[in-house]
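Please read the structure below before turning to the comments.
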Amino acid sequence: MNENYEHCKKWGDCNGYAHIRAALMKPCLTVPIENEKLILGQWQQIVLVDFDNRPREREIIVKVIKQ
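Numbering (our numbering), first residue to last: 79 to 145.
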């Protein structure tokens with residue numbers, strides 16, 4: 079990343095590209111559960127993607143809503 083890029087100069091972290099990539103992804107996901115199992119299609123899976131260029135502490139929140 080070019081250090082003259084405005085994001086690098088303003089924030090000092092040179093990860094503007096990570097913000098662009100993250101903007102193309104959904105920040106949350108709703109998955110139905112039946113009989114204590116996730117209802118996913120045969121080829122579906124849940125993945126976490128972190129586009130940042132350095133390690134940071136992250137928090138994942140799982141919320142179960144019962145009908």
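Backbone N, C-alpha and C fix where the C-beta goes; we use that ideal spot for every residue, glycine too. Bear in mind the structure is a predicted one, so any value in this text is a computation, not a measurement.
message = Once DSSP output is grouped into helix, strand and coil, what is the label at I76?
response = Nothing can be reported for residue 76: it is not among the residues displayed for the chain, which extend from 79 to 145.
request  = With DSSP collapsed to three states, give me the class of I111.
outcome  = The count along the sequence shown starts at 1 and reaches residue 111 at position 33. It is a strand residue.
task = Out of V125, Q123, M103, E114, point me to the one whose CA is closest to V142's CA.
result = Residue mapping note: residue 142 aligns to position 64 of the sequence shown, counting from 1. Checked all of V125, Q123, M103, E114; the closest Cα to V142 is E114.
query = What residue from Y95, L107, E112, P105 has the CA that sits closest to K144's CA?
reply = What you label residue 144 is simply residue 66 of the sequence shown in a count that begins at 1. Closest option to K144, Cα to Cα, is E112.
request  = Give every residue of the same chain whose Cβ lies closer than 8 Å to the Cβ of L118, excluding the five residues on either side of it in the sequence, and list them in chain order.
outcome  = If you number the sequence shown from 1, residue 118 lands on position 40. V109, I124.
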